[in-house]
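Heads up: the sequence shown runs through residues 310 to 846, numbered per the numbering used here.
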Amino acid sequence: MSAASVPIRSPWLAPAELVFLGAVILAWGIFVICLGKDMSWDFRNYHWYVPYAFLDGRMGFDVAVAHQATYYNPVLDIPFYLLATHAPSWLALGVLGAVQGANIVPLYLIARSLLRIPHVQLAAALLALFCMSGSLTVGLAGTTYYDNVLSLFVLGGLAALIVNRDALRDGPLAPALLISGLAGFAVGAAVGLKLPQAPFAIGFAAALAALPGSLKRRGARLIAGAIGGIFGVVLFAGFWFVKLYRETGNPLFPYFNQYFHSPLALQASYRDTRFIPHRLPKRLLFPILFSFHWQVANDLPFQDIRVGVAYVMAILTAPISLLRRWFKDSGLIDPAAAWPLLAFAGVSYVVWLLIFGIYRYILCLEMLAPILIVALVGLWPIGRRIQVAVLAVLAAAIVMTMRYDMLDRAPLGDPYIQVPVPPVKDPRHSMILMTGEAPMGYIVPEIPPEVPVARIDGWMIRPEDGSKLTAETRARIRAFRGDLYVIADQYEVGRAGGALADYGLGMRWTECQLFTTNLGGTYRFCPLKHLPPKAPR
Numbered sequence: 310m311s312a313a314s315v316p317i318r319s320p321w322l323a324p325a326e327l328v329f330l331g332a333v334i335l336a337w338g339i340f341v342i343c344l345g346k347d348m349s350w351d352f353r354n355y356h357w358y359v360p361y362a363f364l365d366g367r368m369g370f371d372v373a374v375a376h377q378a379t380y381y382n383p384v385l386d387i388p389f390y391l392l393a394t395h396a397p398s399w400l401a402l403g404v405l406g407a408v409q410g411a412n413i414v415p416l417y418l419i420a421r422s423l424l425r426i427p428h429v430q431l432a433a434a435l436l437a438l439f440c441m442s443g444s445l446t447v448g449l450a451g452t453t454y455y456d457n458v459l460s461l462f463v464l465g466g467l468a469a470l471i472v473n474r475d476a477l478r479d480g481p482l483a484p485a486l487l488i489s490g491l492a493g494f495a496v497g498a499a500v501g502l503k504l505p506q507a508p509f510a511i512g513f514a515a516a517l518a519a520l521p522g523s524l525k526r527r528g529a530r531l532i533a534g535a536i537g538g539i540f541g542v543v544l545f546a547g548f549w550f551v552k553l554y555r556e557t558g559n560p561l562f563p564y565f566n567q568y569f570h571s572p573l574a575l576q577a578s579y580r581d582t583r584f585i586p587h588r589l590p591k592r593l594l595f596p597i598l599f600s601f602h603w604q605v606a607n608d609l610p611f612q613d614i615r616v617g618v619a620y621v622m623a624i625l626t627a628p629i630s631l632l633r634r635w636f637k638d639s640g641l642i643d644p645a646a647a648w649p650l651l652a653f654a655g656v657s658y659v660v661w662l663l664i665f666g667i668y669r670y671i672l673c674l675e676m677l678a679p680i681l682i683v684a685l686v687g688l689w690p691i692g693r694r695i696q697v698a699v700l701a702v703l704a705a706a707i708v709m710t711m712r713y714d715m716l717d718r719a720p721l722g723d724p725y726i727q728v729p730v731p732p733v734k735d736p737r738h739s740m741i742l743m744t745g746e747a748p749m750g751y752i753v754p755e756i757p758p759e760v761p762v763a764r765i766d767g768w769m770i771r772p773e774d775g776s777k778l779t780a781e782t783r784a785r786i787r788a789f790r791g792d793l794y795v796i797a798d799q800y801e802v803g804r805a806g807g808a809l810a811d812y813g814l815g816m817r818w819t820e821c822q823l824f825t826t827n828l829g830g831t832y833r834f835c836p837l838k839h840l841p842p843k844a845p846r
């Protein structure tokens with residue numbers, strides 16, 4: 310094997326590599342600035358409200374403003390909120406884009422450690438760039454869904470295992486356990502910041518187990534990784550679990566309330582299970598189905614077959630790889646790096662399939678898919694030239710069928726959020742109600758902070774749902790002696806009237822005002838009146 314074909318496993322980067330990675334990160338930041346501000350449903354619903362509510366201590370002061378998301382861990386949203394409220398919009402977006410673009414670093418490290426070919430740095434750079442070209446990877450650039458931020462934690466932990474696989478296999482035990490623990494911490498931090506990252510924690514454990522080494526050494530690595538992962542979850546989410554449990558009786562409120570039985574919510578899971586395939590044929594075909602029809606697995610449009618291709622190639626490679634012992638190794642990839650990658654992806658995918666089925670939650674696998682495809686073809690007992698030809702055909706198929714669907718964006722401008730809410734005459738003696746399912750959490754920070762905001766109708770709370778949260782909200786509004794207002798999406802005014810009537814309230818229509826924001830609208834802002842009691846039938 311020539312020196313040029315020796316795999317590079319060192320995490321240290323040459324100057325040219327640093328320039329390449331820095332250029333990609335900078336370009337991603339500039340790309341996000343050019344796209345403009347995130348106008349997504351989730352951003353308007355909770356990504357702006359949740360950090361504001363946490364920093365201003367509004368839990369219990371407001372009610373269900375962002376539906377179930379009102380009670381999400383705010384830590385993930387705080388950095389961007391603080392940056393966007395204290396720095397120019399272009400800078401906030403540029404930093405967010407640069408962080409998302411930094412996924413190129415672990416992807417590149419994994420690729421250059423996997424490949425065993427001449428000019429490995431160039432090949433790894435091209436492969437890593439292809440990893441960053443996925444339909445949803447690009448489509449979510451500059452948004453605050455954060456799946457493309459948490460992927461940095463997950464891929465970073467995985468890269469630490471792949472690059473240091475020799476030390477983890479037979480190096481000194483203490484450094485091996487430290488690497489496993491730190492990598493586990495990175496993945497655990499991702500889970501703590503956003504619980505839908507949990508499948509990757511199981512996949513990470515599978516990768517640790519798949520790394521070569523004695524049974525004793527594998528067990529020690531798994532324990533170290535688990536300890537690091539638990540510490541990551543506790544550090545970033547432990548305080549929030551405790552707070553929710555004290556406030557609601559459910560550390561994951563309102564989710565899985567059929568098990569925690571918080572009196573504030575219904576005895577229901579509150580989970581989005583729309584996309585989970587329940588029948589075996591659909592489960593087996595799921596990657597192929599969502600490769601061509603995004604509605605099968607996602608609310609956000611995308612068109613990319615790379616995950617489906619990786620899935621099909623895995624099925625084909627499983628029996629073929631058994632023949633490797635009778636064939637000469639082509640030397641395209643290092644199998645010792647391939648198997649942990651495949652174990653991570655396979656186990657993560659299966660867990661995701663069973664509990665989520667939402668494609669956005671496996672964005673990490675979309676990024677990793679080209680590397681997985683290379684690893685799978687590299688296990689085939691055929692010549693390197695044929696392997697490269699197969700990979701070229703697959704890459705061409707992916708590129709030719711790929712489509713980018715960019716989400717709506719708002720132009721740059723300061724302040725970041727511009728919400729001309731009509732003035733409240735007496736903020737200290739006023740309350741604002743919200744109705745409907747429209748995302749309106751981002752409006753609340755522009756309302757005088759003395760004014761409590763309660764959503765009386767939506768996914769989390771409805772006038773007649775029978776929950777204690779609804780009962781307490783009813784009692785609070787009934788006892789309130791100040792001015793009452795309502796904010797409702799213009800397209801949900803009819804629903805707003807019905808919800809208010811259930812509370813014995815009605816709009817003073819002649820005094821209603823309309824307003825729009827830099828992220829959407831129109832919204833109706835109306836003072837309320839108490840309706841006369843209904844006559845008994």
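Think of the CB as a built atom: it goes at the ideal place given N, C-alpha and C, for glycine as much as any other residue. Quick caveat: nothing in here was measured; it's all calculated off a predicted structure.
Buried or exposed (CB count within 10 angstroms, at least 16 for buried), residue i
i	result
Q604	exposed
L631	exposed
S311	The predicted model places S311 with a pLDDT of 45, which falls under 50 and marks its position as unreliable; any figure quoted below should be read in that light. Classification of S311: exposed, given that the 10 Å Cβ count is below 16.
G528	exposed
A313	Caution is warranted here: a pLDDT of 44 is assigned to A313, below 50, making its placement in the model unreliable, and no coordinate value can be reported.
P383	buried
G410	buried
D717	exposed
P649	buried
S523	exposed
V708	exposed
P732	exposed
I726	buried
S847	Here the chain has residues from 310 to 846 only, and residue 847 is not among them.
D735	exposed
Rounded straight-line distance, which links the Cα of residue j to that of residue i
i	j	result
L344	R353	17 angstroms
H738	L793	9 angstroms
R783	F834	21 angstroms
G512	A654	6 angstroms
G745	G775	18 angstroms
H602	D613	10 angstroms
M676	Y355	26 angstroms
Q822	L837	12 angstroms
R526	R478	8 angstroms
I786	R764	11 angstroms
A788	V542	41 angstroms
Y800	M368	28 angstroms
L721	S460	26 angstroms
Y381	P757	23 angstroms
Y417	F565	38 angstroms
I691	L487	38 angstroms
N827	P427	52 angstroms
Y670	P505	7 angstroms
W321	L589	45 angstroms
R583	R694	44 angstroms
L445	Y713	7 angstroms
D371	Y361	12 angstroms
I413	L438	7 angstroms
D766	H395	33 angstroms
P754	L364	11 angstroms
First through last residue of the alpha helix (DSSP H) which encompasses residue i
i	result
Q567	566-569
L400	398-410
A495	482-502
K852	A question about residue 852 goes unanswered here, because the residues of the chain that appear run from 310 up to 846.
A797	From DSSP, A797 is part of no alpha helix (DSSP H) but of the beta strand (DSSP E) over 792-798.
Q696	693-710
G393	In the sequence as presented, Gly is not what sits at residue 393; that position holds Ala. Counting along the chain, the alpha helix (DSSP H) containing A393 begins and ends at 387-395.
M368	From DSSP, M368 is part of no alpha helix (DSSP H); its letter is neither H nor E.
Terminal residues of the beta strand (DSSP E) in which residue i lies
i	result
V762	762-764
P628	Segment 615-629 is the alpha helix (DSSP H) holding P628; no beta strand (DSSP E) there.
S739	739-743
G298	What is shown of the chain runs 310 to 846, which leaves residue 298 out entirely.
F824	822-826
Nearest-angstrom beta carbon gap, residue j and residue i [assumed within contact, 8 angstroms]
i	j	result
I796	Y751	Not really, about 12 angstroms apart at Cβ, beyond 8 angstroms.
L925	K777	Any answer about residue 925 is impossible in this case: the structure gives the chain only from 310 up to 846.
C440	I680	6 angstroms
L400	A420	In fact, because the Cβ distance is near 31 angstroms, the residues do not count as touching under 8 angstroms.
Q377	M743	Not confirmed; about 14 angstroms, so no contact.
G534	L517	5 angstroms
P397	D723	6 angstroms
(request) Kindly provide the ranges of any alpha helix (DSSP H) runs that are 4 or more residues long and lie completely inside the stretch 504-587, ordered along the chain. (result) Those alpha helix (DSSP H) runs which fall completely within the stretch 504-587 and span 4+ residues are 507-519, 524-542, 548-557, 566-569.
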